[in-house]
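Just so you know, we're using the working numbering here: the sequence shown kicks off at 2 and counts up by one.
Idealized CB from N, CA, C, for every residue including glycine.
Structure, as structure tokens:
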Amino acid sequence: MDATLAQILAAIGEPIVDVLVAPSGLDVTVSGAAIVDPEDDPTDQPGRLVLLIG
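Okay, structure coming up:
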């Protein structure tokens with residue numbers, strides 16, 4: 002079952018996660034996750050919750 006970004010953030014709670022960018026808002030469906038090193042070249046991750054290492 003997919004969840005919205007808002008539902009995921011509510012489940013995790015603050016201050017564990019900081020939202021840096023949400024260009025489509027918080028009511029979008031998240032269908033997966035990606036763990037990314039901030040020094041790597043950025044790639045499109047549509048529908049994914051992108052977690053930065055660090």
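With fewer than 16 other beta carbons inside 10 angstroms of its own, L27 counts as exposed.
Take the alpha-carbon of L53 and the one of V29: they are about 19 Å apart. Checking the DSSP bridge columns, you'll see L53 partnered with V37. Per the coordinates, the alpha-carbon of T5 lies some 14 Å from the alpha-carbon of G14.
The alpha-carbon separation between R49 and D42 amounts to approximately 17 Å.
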